[in-house]
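Number of protein chains: 2
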Amino acid sequence: MSAIEPQPSTRYQQLADHYAAAIHSGTLQPGKRLPAIRRVADTQSVSVNTVINAWQLLEDRGLIEARPQSGYYVRAVLPGVEKKSRHRAQVASVSSAKLDLIEAVFAAQNHPDYTNISLACPQDGELYPTARLARITTTLLRRNPLMIGKYALPPGSERLREEIARRALNAGMSLTPQAITVTHGCMEALQLALRTVTKPGDCVGLESPTYFFLFTLLDSLGLKAIEIPTDPQHGLSLDALELLLREKRINALIAMPGIQNPLGCSMPLESKKRLAKLVNTWQIPLIEDGLYDELQFHAPLSPTVKSFDEAGWVIYCTSYTKTVAPDFRIGWMAAGRFSEQIARLKAVSSMAESALLSETLAEFLASGGYDHHLRHLRRRYAANLDEARSLIARHFPAGTRATLPQGGFVFWLELPGNVDSIALFHRLLQEKICVTPGSLYTLSDRGAHALRLSCCYPFEARYRYAIARTGALACEMSGIAPEN
Amino acid sequence: MSAIEPQPSTRYQQLADHYAAAIHSGTLQPGKRLPAIRRVADTQSVSVNTVINAWQLLEDRGLIEARPQSGYYVRAVLPGVEKKSRHRAQVASVSSAKLDLIEAVFAAQNHPDYTNISLACPQDGELYPTARLARITTTLLRRNPLMIGKYALPPGSERLREEIARRALNAGMSLTPQAITVTHGCMEALQLALRTVTKPGDCVGLESPTYFFLFTLLDSLGLKAIEIPTDPQHGLSLDALELLLREKRINALIAMPGIQNPLGCSMPLESKKRLAKLVNTWQIPLIEDGLYDELQFHAPLSPTVKSFDEAGWVIYCTSYTKTVAPDFRIGWMAAGRFSEQIARLKAVSSMAESALLSETLAEFLASGGYDHHLRHLRRRYAANLDEARSLIARHFPAGTRATLPQGGFVFWLELPGNVDSIALFHRLLQEKICVTPGSLYTLSDRGAHALRLSCCYPFEARYRYAIARTGALACEMSGIAPEN
Numbered sequence: 001m002s003a004i005e006p007q008p009s010t011r012y013q014q015l016a017d018h019y020a021a022a023i024h025s026g027t028l029q030p031g032k033r034l035p036a037i038r039r040v041a042d043t044q045s046v047s048v049n050t051v052i053n054a055w056q057l058l059e060d061r062g063l064i065e066a067r068p069q070s071g072y073y074v075r076a077v078l079p080g081v082e083k084k085s086r087h088r089a090q091v092a093s094v095s096s097a098k099l100d101l102i103e104a105v106f107a108a109q110n111h112p113d114y115t116n117i118s119l120a121c122p123q124d125g126e127l128y129p130t131a132r133l134a135r136i137t138t139t140l141l142r143r144n145p146l147m148i149g150k151y152a153l154p155p156g157s158e159r160l161r162e163e164i165a166r167r168a169l170n171a172g173m174s175l176t177p178q179a180i181t182v183t184h185g186c187m188e189a190l191q192l193a194l195r196t197v198t199k200p201g202d203c204v205g206l207e208s209p210t211y212f213f214l215f216t217l218l219d220s221l222g223l224k225a226i227e228i229p230t231d232p233q234h235g236l237s238l239d240a241l242e243l244l245l246r247e248k249r250i251n252a253l254i255a256m257p258g259i260q261n262p263l264g265c266s267m268p269l270e271s272k273k274r275l276a277k278l279v280n281t282w283q284i285p286l287i288e289d290g291l292y293d294e295l296q297f298h299a300p301l302s303p304t305v306k307s308f309d310e311a312g313w314v315i316y317c318t319s320y321t322k323t324v325a326p327d328f329r330i331g332w333m334a335a336g337r338f339s340e341q342i343a344r345l346k347a348v349s350s351m352a353e354s355a356l357l358s359e360t361l362a363e364f365l366a367s368g369g370y371d372h373h374l375r376h377l378r379r380r381y382a383a384n385l386d387e388a389r390s391l392i393a394r395h396f397p398a399g400t401r402a403t404l405p406q407g408g409f410v411f412w413l414e415l416p417g418n419v420d421s422i423a424l425f426h427r428l429l430q431e432k433i434c435v436t437p438g439s440l441y442t443l444s445d446r447g448a449h450a451l452r453l454s455c456c457y458p459f460e461a462r463y464r465y466a467i468a469r470t471g472a473l474a475c476e477m478s479g480i481a482p483e484n
Numbered sequence: 001m002s003a004i005e006p007q008p009s010t011r012y013q014q015l016a017d018h019y020a021a022a023i024h025s026g027t028l029q030p031g032k033r034l035p036a037i038r039r040v041a042d043t044q045s046v047s048v049n050t051v052i053n054a055w056q057l058l059e060d061r062g063l064i065e066a067r068p069q070s071g072y073y074v075r076a077v078l079p080g081v082e083k084k085s086r087h088r089a090q091v092a093s094v095s096s097a098k099l100d101l102i103e104a105v106f107a108a109q110n111h112p113d114y115t116n117i118s119l120a121c122p123q124d125g126e127l128y129p130t131a132r133l134a135r136i137t138t139t140l141l142r143r144n145p146l147m148i149g150k151y152a153l154p155p156g157s158e159r160l161r162e163e164i165a166r167r168a169l170n171a172g173m174s175l176t177p178q179a180i181t182v183t184h185g186c187m188e189a190l191q192l193a194l195r196t197v198t199k200p201g202d203c204v205g206l207e208s209p210t211y212f213f214l215f216t217l218l219d220s221l222g223l224k225a226i227e228i229p230t231d232p233q234h235g236l237s238l239d240a241l242e243l244l245l246r247e248k249r250i251n252a253l254i255a256m257p258g259i260q261n262p263l264g265c266s267m268p269l270e271s272k273k274r275l276a277k278l279v280n281t282w283q284i285p286l287i288e289d290g291l292y293d294e295l296q297f298h299a300p301l302s303p304t305v306k307s308f309d310e311a312g313w314v315i316y317c318t319s320y321t322k323t324v325a326p327d328f329r330i331g332w333m334a335a336g337r338f339s340e341q342i343a344r345l346k347a348v349s350s351m352a353e354s355a356l357l358s359e360t361l362a363e364f365l366a367s368g369g370y371d372h373h374l375r376h377l378r379r380r381y382a383a384n385l386d387e388a389r390s391l392i393a394r395h396f397p398a399g400t401r402a403t404l405p406q407g408g409f410v411f412w413l414e415l416p417g418n419v420d421s422i423a424l425f426h427r428l429l430q431e432k433i434c435v436t437p438g439s440l441y442t443l444s445d446r447g448a449h450a451l452r453l454s455c456c457y458p459f460e461a462r463y464r465y466a467i468a469r470t471g472a473l474a475c476e477m478s479g480i481a482p483e484n
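As given, the protein sequences belong to chains X and R, one line each in that order.
Quick note on numbering: the UniProt record's numbering labels position 458 of the first sequence as 458, and the sequence is numbered without any gaps.
Quick note on numbering: the UniProt record's numbering labels position 206 of the second sequence as 206, and the sequence is numbered without any gaps.
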């Protein structure tokens, strides 16, 4: 790190050092034009001559070059430029290998050359009502650009909370706008819920397999994960849960009874009622992750566990990121008996959500067409899943088992013949195909031969190829041919 | 809580119960029109007749009424409607009285009838480049509405991080874009920093007085606050800090060396260097809150403590909420040796920030005019502060002491004659004037007779009146007249 200090005698040297550091650290990259001399003089409160002297020094050091009638530029070839940050994190967390894996998947996902058949991050803008949302945002800004200049204060947009409460009725939940906290996606909702109902050292029950970031989140809060068997068709085992409750082995529970990630399954209505009863009886907070609830193929929507919550032990968390506007990152939670604490924690954790984005979403929800859009999404995802399953039947080793999702766009595949799914992941990455290895979703062995695939991508030729190619490699690695 | 369950025999009764619950809970408010019968039939997958029967039942119960040619409405007067959530938080935190106070202030701030001379939440859209930001957002949406349909993935907008790194040079910081994490305002940056460098039970050094939400944030993380004497002109006492470091009594430190909130003071350059040296020598993380740094009246900007950070122990946190776009809630942090951990924690805490808002901000920063805008803001705030101080000299009891801010828009007032500032706050609230009592900013007695005032509001007649009236009441309560 370097700093500017006003000592007139060597002012130009200091200025030169300052910019040299910026060049060496990569902040000013090769080929970049330096700011105009007069402007630098202005910002740094020095004379034009001081800047000229500093630039000459940098030129002498081989760091910049003058281009006729154009100004000074950072030289394209530099001696020993340090590209990465000098400081590395000291502490390696238990799940750091997992995180490396997740980051590799994210990085591939961000790269246009990779074909992603893995992450549940819809990148197909065409699937969403983007044109309509853009029109609403633009209209709001035209009518009242000053809203950008106002502070987004907790508890956030009342209009949005009213719309959320009204729509929650469709999933069987009778909520007041005051009981709802708008959050930065479902991820923040889960984080706030855990921070409210647990303390470090506590044990949290999780479905097995479950969403990979839950392990990292628990880890970051000093919480222990207890994995509970989860059936690929009926979800969380309530018998196993009851045993844990009787033995007082968990302090809280996270589950996805609506549509489970990564299995894609849905808990039967009777089980949801029993789950609500269990957590209310044992007074153990259930964090109900309803992220995919509105993408259930079943109509009308099956009620949430929260619908049967007698004494407020269920904290319902969800988001509009998977259904309306992935970029807005607007989620919400209804926290029952913990509502007040959650609202306060949100305020000191990240204050509130943007009014512009919240009002855009509220206007979209109020003006109708959301149900129509949801039907369109569900049809599309159901069709994608069908097609993916038929490709799997054709190209994957005989004995491959795939779950049959009842909504959403992800499913779980178990490969026969001891195929190591991390090895498969790395081989596919070399071919610029990105899947997610099952071991990210559980601390047990269950994921070692499993993959999660996602169907939120347009089913173009290259996606079909990527699935087929994944199957071909799995056949090669297992030595087992497809069924037909 | 109630839920819908498909049992054909009593389907209409269940539907009626469901809507009755929504009415009783306030989700459907008096005077609201019920959704169209055909639409309800559609969403709930029941016949039109079932809905009609349900509506008649609700009418019989006195909950709704039919209006000719218009539909059904919730009746204006309902028997015993329960307005509030039934569940209350069970745990009262130590600072819950404080939180009640903060919430009273926020509520008043949100109310157009109140004159707010207290909170540091700029609500004067005119002060910000809102028209220009609105144009940029609109252009981005016109060019690429599909960006709304893409998932905002960590680490977030590279373009914004590049612009942040380039501008950080002006404050003496040489940072790479990779070392920067974009956050949901400065509040989230502080929260992530604390969660990264502390564990529950740890002690955190704070300036005294300091930003009120820091106490709540520490509380929520199980951390203990140790208040360090802070001079109204030179900021944090480094002698006191050194003593604490020698005695190994703190595990981390939060300070605002640039512009301190609530004092408004700035730490001298030599002290900043000493502070950097101290935390690097003792290897104690310093969370440098630079929220108001770009609003320093001094030009060029004085370098940050981070500028002198040798071994990466300084975590710099700041935000564009006070300078460009309060509503966007986009902040950032440069976490030195903790950068990698912070980036990972952000991903599992709230994933990423909206690309639409990030790119809008990046475009604004890249296209010039930010420095011009900052000069305008600084002039405006300096003028507001001058005017506020002259009003205080005229209307407040003799012996009132006000700090002399070196930037930003807040300052600290100490009242003579044992005026209880919480009592003053409540009396002013009755007159729809909102100040912040000093006791929010410290756990010590220092705040009992102090107020923080804010000058981020337009200095219209009613603001001048509010300051004068606050002074008049302080005179009345202290029995001391103004000096002149």
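Here a beta-carbon is modelled for each residue, glycine too, at the ideal position from N, C-alpha and C.
In the three-state reduction of the DSSP assignment, N384 of chain X falls in the helix class, which pools H, G and I. By the neighbour-count criterion, in which a residue is buried when 16 or more other Cβ atoms sit within 10 angstroms of its Cβ, L221 of chain R is buried.
S70 of chain R and Y292 of chain X have their C-alpha atoms some 36 Å from each other. Look at T176 of chain R: its C-beta is under 8 Å from a C-beta on chain X. Taking 8 Å as the cut-off between beta carbons, the residues of the region 356-376 of chain R near chain X are L356, L357 and D371, in sequence order.
X:T181 is the residue among X:K322, X:G149, X:I315 and X:T181 whose C-alpha sits nearest the C-alpha of G156 of chain X. Under the 8 Å criterion on CB atoms, P405 of chain R is classed as non-interfacial with respect to chain X.
A direct Cα-to-Cα measurement between G149 of chain X and T281 of chain X gives close to 48 Å. The continuous stretches of alpha helix (DSSP H) do not include I148 of chain X, and DSSP gives it neither H nor E. Minimum Cα-Cα distance from R469 of chain X among the listed residues X:L391, X:P326 and X:F459 corresponds to X:L391. Between A131 of chain R and chain X, the shortest Cβ-Cβ separation is below 8 Å. Counting along the chain, T181 of chain X sits inside the beta strand (DSSP E) bounded by residues I180 to H184. Using beta-carbon distances, D327 of chain R counts as an interface residue toward chain X, with a partner under 8 Å.
Contact between P285 of chain R and A252 of chain R holds, since their C-beta atoms are separated by about 5 Å, short of 8 Å.
Residue state for P326 of chain R is assigned as helix, using DSSP reduced to three classes. When C-alpha distances from Q109 of chain R are compared across R:R39, R:S454 and R:Y73, the shortest belongs to R:S454.
The C-beta of F213 of chain X comes closer than 8 Å to at least one C-beta of chain R.
Our two residues, D124 of chain X and R375 of chain X, have alpha carbons roughly 17 Å apart in a direct line. Closest option to N484 of chain R, judged by alpha-carbon separation, among R:E163, R:P397, R:E188 and R:L415: R:P397.
Secondary structure at N170 of chain R: helix, using DSSP grouped into helix, strand and coil. Within the model, the alpha-carbon separation for R132 of chain X versus G62 of chain X is close to 52 Å. The beta carbon of R159 of chain R sits closer than 7 Å to those of E359 and A362, all from its chain and outside the five residues before and after it, given in chain order. Secondary structure within the region 213-238 of chain X: not one fully enclosed alpha helix (DSSP H) run of 4 or more consecutive residues is present.
Only exposed fits P458 of chain R, as fewer than 16 other CB atoms lie within 10 angstroms of its CB. Residue burial annotation: E288 of chain R is buried, with at least 16 other C-beta atoms found within 10 angstroms of its C-beta. In the three-state DSSP reduction, M477 of chain R falls in the helix class (H, G or I). The alpha-carbon separation between L385 of chain R and F409 of chain R amounts to approximately 7 Å. The beta carbon of V348 of chain R sits closer than 8 Å to some beta carbon of chain X. Excluding its 5 nearest sequence neighbours in each direction, I64 of chain X has C-beta neighbours in its own chain below 7 Å: L34, W55, L58, Y72, Y73, V74 and R75, listed in chain order. Across the structure, I136 of chain X and E414 of chain X are spaced so that their CA atoms are roughly 44 Å apart. In the three-state reduction of the DSSP assignment, Y320 of chain R falls in the coil class.
Rounded to whole angstroms, the Cβ separation of M477 of chain R and V419 of chain R is 5 Å, and the two are in contact under 8 Å. Scanning its chain for C-beta atoms nearer than 7 Å, with the 5 sequence neighbours on each side dropped, one finds around A225 of chain X the residues V204, L206, F215, L218 and L443, in chain order. In the DSSP assignment, D289 of chain R falls within the beta strand (DSSP E) that extends over L286 to D289. Any Cβ of chain R closer than 8 Å to the Cβ of T318 of chain X would place that residue at the interface, and such an atom is absent.
Against chain R, the CB of G26 of chain X has a partner CB under 8 Å away; the residue lies at that interface.
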